[in-house]
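Trainee:
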Amino acid sequence: MANDYLNDRGFAALAALDEVAAAHGEGTTTAQVALAWIMAQPGFTSAVASATSPGQVQELLGAVALRLSAPELAALDALSAPGTDPEVTGTSRRT
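Position 64, counted from 1, in the sequence shown is what the numbering used here calls 65; the numbers after and before it change by one each time, with no gaps.
(1) In or out: D5 buried (at least 16 other Cβ within 10 Å) or exposed?
(2) Three or more C-beta pairs closer than 8 Å, one from the region 19-30 and one from the region 49-58: is that the case here?
(3) Hey, how far is the Cα of S81 from the Cα of R10?
(4) How should V34 be labelled, buried or exposed, when 16 other C-beta atoms within 10 angstroms of its C-beta is the threshold for buried?
(5) Can you tell me which of D78, A41, T30 puts its alpha carbon nearest to the alpha carbon of L61?
(6) Classify F12 as helix, strand or coil using the three-state DSSP reduction.
(7) By how many angstroms is the C-alpha of A76 removed from the C-alpha of A16?
(8) Rounded to whole angstroms, what is the Cα-Cα separation between R94 and L74?
(9) Taking C-beta to C-beta, are A37 and L7 nearer than 8 Å?
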């Protein structure tokens, strides 16, 4: 199952999440961006987020107030679409 995500497409998605988090300023994490993106999807009813400490719960709660712009949502949507090719989207592999 991990091999389904540890590939160029998965690394491109992680890089895009990192870029969006950086654009929102210090303290915004990749996990918050990912959760905010899921919550912004049409028909969203709930998100399952796993936390193993009170600090992680606090971090994930930051996603509730995070508002992603239309271009940010579109970029993340494009990377998650079936058949997405990182070469086409222009994102770089996470190192």
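Note that beta-carbon positions come from the ideal geometry of N, C-alpha and C, so glycine has one too.
Mentor: Here's the rundown:
(1) Working through the sequence shown from its first residue, we reach residue 5 at position 4. An exposed status is given to D5, since fewer than 16 other beta-carbon atoms sit within 10 Å of its beta-carbon.
(2) no
(3) Indexing the sequence shown from 1 puts residue 81 at position 80. Indexing the sequence shown from 1 puts residue 10 at position 9. Those two C-alpha atoms are separated by around 8 Å.
(4) The residue given as residue 34 occupies position 33 in the sequence shown. With 16 or more Cβ atoms within 10 Å of its Cβ, V34 is classed as buried.
(5) Position 60 of the sequence shown, counted from the start, is the residue given in the question as residue 61. Nearest option by C-alpha distance: T30.
(6) On the sequence shown, residue 12 is found 11 positions in, with the first residue counted as 1. Of the three classes helix, strand and coil, the one that applies to F12 here is helix, per DSSP.
(7) Indexing the sequence shown from 1 puts residue 16 at position 15. Indexing the sequence shown from 1 puts residue 76 at position 75. Between A16 and A76, the C-alpha separation is close to 11 Å.
(8) Residue 94 sits at position 93 when you count from the first residue of the sequence shown. Residue 74 sits at position 73 when you count from the first residue of the sequence shown. Bear in mind that a pLDDT of 37 at R94, under 50, signals an unreliable position, so the model cannot answer this.
(9) Here residue 37 corresponds to residue number 36 of the sequence shown, with the count starting at 1. Here residue 7 corresponds to residue number 6 of the sequence shown, with the count starting at 1. The answer is no: Cβ separation not under 8 Å.
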